[in-house]
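**Student:** Numbering (full-length UniProt numbering), first residue to last: 51 to 331.
Here a beta-carbon is modelled for each residue, glycine too, at the ideal position from N, C-alpha and C.
First the structure, which I've put down as structure tokens, then a few questions once you've had a look.
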Ligand code: TA6
């Protein structure tokens, strides 16, 4: 269903009690819920703010055209706090999947921050245990522009200390908890036991995150999103965030697919395409 600020998309499964659905808040095209077998896979803080002025603390905020802080605009860019358009309402495809397309193009608001004409398309496809994210960035202008882009996914977890992430081995990472010092990941399986904020560069095209909700595993496949950010604010930082409960940090792990270690340079008249597939396995 579509109402003025959110689009709820349900894939009615054959089994009575096994619902597959996702909900998108059109501000920021932020997915705020993705249920598989009626179980929520995404973390959204109980103190998340939905007024559109601040990014939603949870779900999958859309980070564009800037990952991180920049001098000219809000941290992580404007896409996640701007009203997108529902380009194509939810439709069941012949394959049985359900597809919805959101779009965002430059406006007075965006040009006031970042003076480029652009058009984003965001095609979401719901399959039984999968959610596909297809992103397109188009440059309609006469000048090239560069950007960084990331899907800021908050996974729900019973206890982040038991989560394990594969596919980071051997990658160099920028450690934002240590003033950006660069290290190499030596562990086959990465775990988190403290405040963590790492930009892993040129990681494998696939990660498996273990011990997420309901003890299942989450497979993340990335295309043209070479980097992976891993974040958990832990207790101290969580206390300093008004939209993050003091006791919530154990129940989330951010594993974020992006092109952030180096910017994308987009020549006039061309398109950057990237995608992510999340699958409960
Ligand atoms: O997820 C990585 C990160 O860049 C962290 O440094 C932290 O700032 C997080 O994003 C959340 O940022 P936000 O602007 O949503 O509070």
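1. With a threshold of 16 other CB atoms inside 10 Å of the CB of residue 320, please say whether the residue is buried or exposed.
2. Helix or strand or just coil, what does DSSP make of residue 177?
3. Run through DSSP, which three-state label would residue 65 get?
4. Could you work out which residue in 296, 195, 132 is closest to residue 285 when comparing CA atoms only?
5. In whole angstroms, what is the alpha-carbon distance linking residue 56 and residue 82?
6. Taking 7 Å as the cut-off, does the CB of residue 125 come closer than this to any heavy atom belonging to the ligand TA6?
7. Helix, strand or coil: which one does DSSP assign to residue 274?
8. What are the start and end residues of the alpha helix (DSSP H) that includes residue 159?
9. Could you name the residues of the same chain whose beta carbon sits closer than 6 Å to that of residue 79, not counting the 5 residues immediately before and after it, in chain order?
10. How would you write the range of the beta strand (DSSP E) that residue 137 sits in, first residue to last?
11. In whole angstroms, what separates the C-alpha of residue 194 from that of residue 266?
12. Is the CB-CB distance between residue 201 and residue 84 below 8 Å?
13. May I have a chain-ordered list of the beta strand (DSSP E) segments no shorter than 3 residues that lie completely inside the stretch 74-133?
14. Could you tell me the alpha carbon to alpha carbon distance between residue 313 and residue 130, rounded to whole angstroms?
15. Could you name the residues that DSSP lists as bridge partners for residue 182?
16. Per DSSP, residue 299 forms a beta bridge with which residues?
17. Among 213, 257, 187, which residue has its Cα nearest to the Cα of residue 317?
18. Thinking residue 75 and residue 94 are a contact (beta carbons under 8 Å), I'd like their distance in whole angstroms, please.
19. Determine the direct distance from the alpha carbon of residue 223 to that of residue 291, and round the result to whole angstroms.
20. How big is the Cα-Cα spacing for residue 212 and residue 287?
21. Please confirm whether any heavy atom of the ligand TA6 lies closer than 7 Å to the CB of residue 179.
22. CB-CB under 8 Å to residue 210, same chain, minus the five flanking residues each way: which ones, in chain order?
**Tutor:** On the basis of the supplied data:
1. For the purposes of this step, residue 320 is taken as residue 270 along the chain shown, with counting starting at 1. Looking at its Cβ environment, which holds fewer than 16 other Cβ atoms inside 10 Å, residue 320 is exposed.
2. Within the chain shown, residue 177 is the residue found at index 127, counting from 1. Per DSSP, reduced to three states, the secondary structure at residue 177 is strand.
3. Mapped onto the chain shown, residue 65 falls at position 15. Confidence in residue 65 is poor, its pLDDT being 48 and thus under 50, which makes the residue's placement too unreliable to answer from.
4. Translated into positions along the chain shown, residue 285 becomes position 235. Comparing Cα-Cα distances from residue 285 to each of 296, 195, 132, the minimum goes to 296.
5. By 1-based counting over the chain shown, the position of residue 56 is 6. By 1-based counting over the chain shown, the position of residue 82 is 32. Distance between the alpha carbons of residue 56 and residue 82: 9 Å.
6. Mapped onto the chain shown, residue 125 falls at position 75. Within the cutoff, so yes.
7. The residue labelled residue 274 in the question sits at position 224 within the chain shown. Three-state result, residue 274: coil.
8. Residue mapping note: residue 159 aligns to position 109 of the chain shown, counting from 1. Unbroken alpha helix (DSSP H) run through residue 159: 158-161.
9. The residue labelled residue 79 in the question sits at position 29 within the chain shown. The answer, listed in chain order, is 112, 134, 152, 172.
10. Translated into positions along the chain shown, residue 137 becomes position 87. Residues 135-142.
11. Here the question's residue 194 lines up with position 144 in the chain shown. Here the question's residue 266 lines up with position 216 in the chain shown. So the alpha carbons of these two residues sit roughly 43 Å apart.
12. Residue numbering aside, residue 201 sits at position 151 when the chain shown is read from its first letter. Residue numbering aside, residue 84 sits at position 34 when the chain shown is read from its first letter. Their beta carbons are not under 8 Å apart, which means residue 201 does not touch residue 84 by this criterion.
13. 80-86
14. Mapped onto the chain shown, residue 313 falls at position 263. Mapped onto the chain shown, residue 130 falls at position 80. Rounded to whole angstroms, residue 313 to residue 130 spans 18 Å at the Cα level.
15. Working through the chain shown from its first residue, we reach residue 182 at position 132. DSSP lists 175, 327 as partners of residue 182.
16. On the chain shown, position 249 is the one that residue 299 refers to. BP columns for residue 299 are empty, so no partner.
17. Within the chain shown, the letter at position 267 stands for residue 317. For residue 317, the nearest C-alpha among the options comes from 187.
18. Start at 1 with the first residue of the chain shown, and residue 75 comes out as number 25. Start at 1 with the first residue of the chain shown, and residue 94 comes out as number 44. Between residue 94 and residue 75 the Cβ distance is about 10 Å, and since that is not below 8 Å, they are no contact.
19. Counting from one through the chain shown, the residue named residue 291 turns up at place 241. Counting from one through the chain shown, the residue named residue 223 turns up at place 173. Using only the alpha carbons, I get a separation of about 25 Å.
20. Residue mapping note: residue 212 aligns to position 162 of the chain shown, counting from 1. Residue mapping note: residue 287 aligns to position 237 of the chain shown, counting from 1. One C-alpha to the other measures close to 20 Å.
21. As a working note, residue 179 is residue 129 in the chain shown. No - the ligand TA6 has no heavy atom lying nearer than 7 Å to the Cβ of residue 179.
22. On the chain shown, position 160 is the one that residue 210 refers to. 242, 282, 299, 300, 301, 302, 303.
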